[in-house]
Amino acid sequence: MKRTLIIAEAGVNHNGDINLAKKLIDASVAAGVDYVKFQTFKASKLVSKVAQKATYQKVNMHDSDNSQLSMLMKLELTNEMHDEIINYCSVKGIKFLSTPFDLESIILLKSKGVEIGKIPSGEITNFPYLRAMAQAFPYIIISTGMANLNEIRDALNVLFRYGTKRENVTVLHCNTEYPTPMNDVNLLAMHTIAKEFDVKFGYSDHTLGIEVPIAAVALGATVIEKHFTLDKNMEGPDHRASLEPNELSNMVLAIRNIELALGNSTKVASNSEIANKVIVRKSIVAKISIKSGEIFSESNLTSKRPGSGISPMEWDNVIGRVASRDFDEDEVITL
């Protein structure tokens with residue numbers, strides 16, 4: 017059975033509060049995900065003083081300050097907070113991930129023993145960043161929101177040039193609008209990515225609800241990334257488009273069920289349905305009473321349940337044969 021890697025994206029939904037970060041870790045453990053992921057950045061290295069908030073951030077933040085810098089400065093995780101979060105994940109038995117957004121953050125996460133480098137959609141055209149990620153982490157997961165095939169190809173070529181092995185890359189289809197409208201999801205683009213680049217593929221989801229990531233797994237996604245929060249009504253840029261803990265649990269359960277349901281592609285009767293064959297299939301039976309020596313014909317034979325006798329697929333082989341004994345109406349024919 018294929019097992020999907022499920023990443024619960026805590027992101028910046030900790031609001032800069034270490035205790036809230038720990039509660040997010042607890043929720044991800046309870047949901048049964050594989051990784052809980054945060055975001056690592058130095059705000060001053062990520063955005064300039066003139067960068068403004070995205071539209072969805074303006075809508076979700078109830079203040080008049082449109083500066084990305086001031087917003088992100090409140091959401092930074094310090095070195096000490098990273099240590100505390102990583103240790104808490106270890107104690108709770110869940111794997112830690114974080115997305116670095118600048119070169120210093122790449123170095124920080126590498127120093128913490130992180131082996132999977134998660135590249136966010138916004139850095140897919142950042143050559144120095146891509147080079148550093150390839151050199152720092154043996155495994156790469158790269159989101160491709162806003163990107164076209166040529167931009168994905170260029171990014172992958174940088175990664176390959178600086179040491180990333182193709183088999184160690186997973187490319188996530190993604191749409192960066194929070195929340196993503198259903199008509200913009202375009203899940204089938206995952207298959208285009210897989211065919212074009214011969215890489216493992218997955219999906220990073222920003223839609224409302226859980227049905228789209230479930231569908232992505234049914235379409236072959238090997239990695240699912242989904243934002244979650246403790247409460248969608250909390251103050252912060254990403255809470256509104258995130259799952260609450262019960263929704264995250266439901267998504268994980270549904271994905272695991274889909275994995276079971278996908279099976280192995282062999283078309284045979286399953287163990288659970290073998291007993292149904294004799295119940296729902298039919299046998300050749302006597303339509304009317306038949307005397308020994310009579311010829312089996314269309315007029316004295318029919319097919320009815322149960323399927324314990326000769327299959328109606330043998331109809332032409334039975335027609336014209338001679339009855340070796342008497343048969344009552346509805347009795348299964350034997351030769």
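Position one of the sequence shown corresponds to residue 17 (this note's numbering), numbered consecutively onward. Ideal Cβ positions, reconstructed from N, Cα and C, are used throughout, including at glycine.
Worksheet item: From Trp331, Arg272, Glu241, Met87, pick the residue whose C-alpha is nearest to that of Ala26; which is it?
Response: Glu241
Worksheet entry | Cα-Cα separation, Leu246 to Thr238 | 26 Å
Practice prompt. Compare the beta carbon distance of Lys38 and Tyr145 with 7 Å and say whether it is the shorter of the two.
Written response: no
Fill in: Range of the contiguous beta strand (DSSP E) that encloses Glu25
21-27
Discussion item. Considering only DSSP beta bridges, list what Glu241 is partnered with.
Written reply: Ile23, Ser220
Practice prompt. Grab me the residues of Asp342's own chain with a C-beta within less than 8 Å of its C-beta, minus the 5 sequence neighbours each way, in chain order.
Written response: Ser305, Ile306, Lys307, Ser308
Discussion item. For a test of the three-state rule: what should DSSP assign to Thr208, helix, strand or coil?
Written reply: helix
Worksheet entry | Residues that DSSP places opposite Pro116 in a beta bridge | Thr56
Practice prompt. On a CA-only basis, which of Glu275, Trp331, Phe143 is nearest Leu235? Give me that one, please.
Written response: Glu275
Discussion item. Among the candidates Val294, Ala47, Ser121, whose CA atom is the shortest distance from the CA of Lys108?
Written reply: Ala47
Worksheet item: Thinking C-alpha only, which one of Asp42, Met87, Arg19 is nearest Pro253?
Response: Met87
Fill in: Distance CB(Asp118)-CB(Leu62) smaller than 7 Å
yes
Worksheet item: In this structure, does DSSP put Val174 in helix, strand or coil?
Response: helix
Discussion item. Between which two residues does the beta strand (DSSP E) holding Lys320 run?
Written reply: 317-320
Worksheet entry | Residue of Val268, Gly138, His207 minimising C-alpha distance to Gly225 | Val268
Worksheet item: Thinking C-alpha only, which one of Thr160, Leu124, Glu167 is nearest Ala148?
Response: Leu124
Discussion item. Considering only DSSP beta bridges, list what Gly279 is partnered with.
Written reply: Paired residue(s): none; Gly279 is not in a bridge.
Worksheet item: With distances taken between CB atoms, is the gap from Ile363 to Ile135 smaller than 7 Å?
Response: Nothing in the structure corresponds to residue 363, since the chain is present only between 17 and 351.
Fill in: Cβ-Cβ separation, Val185 to Leu175 (assumed contact under 8 Å), whole Å
7 Å
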